[in-house]
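Following: one structure in structure tokens, then a few remarks.
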Amino acid sequence: MDTIIIAQDYEEVCGKAAGLLAAQILLKPDCVLGLATGSTPTGVYKRLCTQYAAGLLDFSGVRTVNLDEYAGLGPEDEQSYHMYMRHHLFDHVNLQAENTHLPSGLAPDQKEECMRYDELITSLGGVDMQILGLGVNGHIGFNEPGDAFSEGSHTVSLSESTIAANARFFPDAGKVPRQALTVGMKAIMGAKKILLLASGENKAQAVRDMLCGPITPRLPASILRLHPDVTFLIDSAAGQLLPQI
Ligand code: F6R
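Using our numbering, the letters of the sequence shown map in sequence onto residues 101 to 345.
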């Protein structure tokens, strides 16, 4: 069932998301979490780290699979998603390193790497709970707007709007990698539960199109409405263009 929660602000979005993730870990200590990077989930990870430090959560059996990684960036690169995950979560909780997975941005054969990553997700039994952020252009993972929904993991050329949006994490826009490896819609839609987080007025149009527009690869997140168990967790700024009910 689709659930739409309009939270007051970013803090409330993070509090609710962290609560749902914590419940997932408590109910299934060896669960597979699908993780996202970017600005939106940082407050969620911070809360999970705090709960771990307080002895309320145990990550020793948890497995994680991230959505994506920039092509050409290695795990030690400050801007890589490997490093992001270490900074925001992995270095602060008792996740076992061998249980954390991201696509390799340095794989010599990206096609092979994408196949390996899809097989890995399948071998873990799929994702129990998938966290997603929302691109200003409606992307999820790095599934950019296009003519068709992509199925498997693949290499993608980032759109100009994504490069511009992510330039804030790099010394200058010219340093943003032009390509990334991302899981496709099969892995995302195959998750048992999905939590889509959106915060801030710059996401308002994408939120409206995602929830009220046609289901189309031109707005990749619109496909989530076909998922049987998705929670859209949106703050009031991101939800400001939604029709009042
Ligand atoms: C990150 C990812 C992206 C982001 C999206 C929103 O792993 O897959 O889809 O979730 O670009 O990014 P922020 O949260 O920085 O606005």
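Virtual Cβ for every residue (Gly too), placed ideally from N, Cα, C.
Would you report the Cα separation of residue 198 and residue 344, rounded to the nearest angstrom? 46 Å
Extent of the continuous beta strand (DSSP E) to which residue 301 belongs: Neither: residue 301 is in no beta strand (DSSP E) and is coded neither H nor E.
Alpha carbon of residue 303 to alpha carbon of residue 254, nearest angstrom: 25 Å
Determine the contact status of residue 297 and residue 117, defining contact as a CB-CB distance below 9 Å. yes
Verify whether the separation of the beta carbon atoms of residue 300 and residue 110 is less than 9 Å. Yes.
Strictly by DSSP, which residues pair up with residue 254? For residue 254, DSSP records a beta bridge to 282.
The ligand FMN and residue 287: does the residue's C-beta get closer than 8 Å to at least one heavy atom of that ligand? The model on display carries the ligand F6R but not the ligand FMN.
Where residue 155 and residue 142 are concerned, what is the direct C-alpha to C-alpha distance, given to the nearest angstrom? 20 Å
Kindly examine the ligand F6R and report whether one of its heavy atoms sits closer than 8 Å to the Cβ of residue 317. no
Do residue 129 and residue 244 have their C-beta atoms closer together than 9 Å? It is not a contact, given that the beta carbons lie outside the stated cut-off.
Would you call residue 271 buried or exposed, if buried means 16 or more other Cβ atoms sit within 10 Å of its Cβ? exposed
Roughly how many angstroms separate the alpha carbons of residue 194 and residue 138, rounded to a whole number? The straight-line gap from Cα to Cα measures roughly 22 Å.
Proximity to residue 278 [Cα-Cα], best of 134, 185 and 267: 267
Using the three-state DSSP reduction, which class does residue 325 fall into: helix, strand or coil? helix
Who's in the neighbourhood of the ligand F6R, going by beta-carbon under 6 Å from any heavy atom, listed in chain order? So the residues near the ligand F6R by this Cβ test are 136, 137, 138, 139, 140, 167, 168, 233, 234, 235, 239, 240, 241 and 242.
Whose C-beta lies closer than 6 Å to the C-beta of residue 170 among residues of the same chain, with five residues either side of it excluded? Residues of the same chain with a CB within less than 6 Å of the CB of residue 170, apart from the 5 flanking positions on each side, are 205, 277 and 280 in chain order.
Whether or not the stretch 120-129 and the stretch 221-231 are in contact is what I'm after, with contact meaning three or more pairs of Cβ atoms, one per stretch, closer than 8 Å; do they touch? Segments in contact, yes.
Option in 330, 314, 166 and 305 with minimal Cα separation from residue 339: 305
Spatially closest choice to residue 257 from 172, 159, 150 and 188, by CA coordinates: Comparing Cα-Cα distances from residue 257 to each of 172, 159, 150 and 188, the minimum goes to 172.
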